[in-house]
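In what follows, a single structure is set out as structure tokens and then discussed.
In my numbering, the protein residues as written are 31 to 241.
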């Protein structure tokens, strides 16, 4: 299902998704309508504009929160015209997987966009590479990532985009065993011990985003 107040963009997005193998089961111009559609017939994933009527502020993410509360199994892909770090952090901290944050420009890469929507529908987290780059640039004085090597930072940055170890290995032209060693080193250096109720990979990404 789709929600965007701009009719041309919404219809174009519906066409793109249909052409890449999705079935669009509902379209809305605001969050309230989308929420009603989702409650009536939950989709695998909802693609939601971050800013919609009435205030064009954070209606999209508020709608996403309401959808997650009402139908926890629905994946949530947020689209935005701008890089807004605080909204991405809210997605990472308030939602337990199955979420994504992409710039609308990313939709033009049809194959990658379709793959990202499928990842979110499958429970993964997808963060726009531009947002990750901005976050890397915003380092604090006492950065918890200072202990990481450049290669470990690169691995963690790709993890923050929702990539698996296999995908990270392919992207960096490394073996999976080498990537696994880097991931273990990241966990160790960030002080992330194994805990039965907390996923270290998610905690590592949260540390990265907050830094």
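By construction, the Cβ of each residue, glycine as well, lies at the ideal position given by its N, Cα and C atoms. Remember, predicted model here, so these are calculated numbers, not experimental data.
For residue i versus residue j, is the C-beta spacing smaller than 8 Å?
i, j, result
"residue 108", "residue 91", "yes"
"residue 197", "residue 206", "no"
"residue 46", "residue 140", "yes"
"residue 77", "residue 121", "no"
"residue 238", "residue 190", "yes"
What's the gap between the Cα of residue i and the Cα of residue j?
i, j, result
"residue 231", "residue 186", "9 Å"
"residue 99", "residue 93", "10 Å"
"residue 215", "residue 174", "14 Å"
"residue 126", "residue 233", "11 Å"
"residue 128", "residue 220", "24 Å"
"residue 32", "residue 161", "22 Å"
"residue 49", "residue 69", "26 Å"
"residue 144", "residue 138", "10 Å"
"residue 222", "residue 38", "46 Å"
"residue 226", "residue 217", "Here residue 226 scores only 47 on pLDDT, less than 50, and its place in the model should not be relied on; the value that follows carries that caveat. Cα-Cα distance, rounded: 15 Å."
"residue 124", "residue 229", "15 Å"
"residue 74", "residue 210", "31 Å"
"residue 155", "residue 96", "18 Å"
Could you pull the DSSP bridge partners for residue i from this structure?
i, result
"residue 79", "109"
"residue 33", "58 and 78"
Please determine whether the Cβ atom of residue i lies at a distance below 7 Å from any heavy atom of the ligand ZN.
i, result
"residue 60", "Inclusion of the ligand ZN in the displayed structure is not the case, the ligand content being empty and no account of it being possible."
Measuring CA to CA, which of the options is closest to residue i?
i, options, result
"residue 85", "60, 38, 106 and 135", "60"
"residue 188", "202, 110, 80 and 143", "202"
"residue 105", "80, 147, 113 and 87", "147"
"residue 159", "176, 55, 136 and 178", "136"
"residue 102", "195, 63, 150 and 40", "150"
"residue 133", "116, 235 and 157", "157"
"residue 153", "54, 110 and 130", "130"
"residue 212", "83, 193 and 184", "184"
"residue 117", "96, 163, 64 and 88", "88"
Scan the stretch 128 to 197 and note each continuous beta strand (DSSP E) run of 3 residues or more that stays entirely inside, going in chain order. 129 to 133 and 155 to 157
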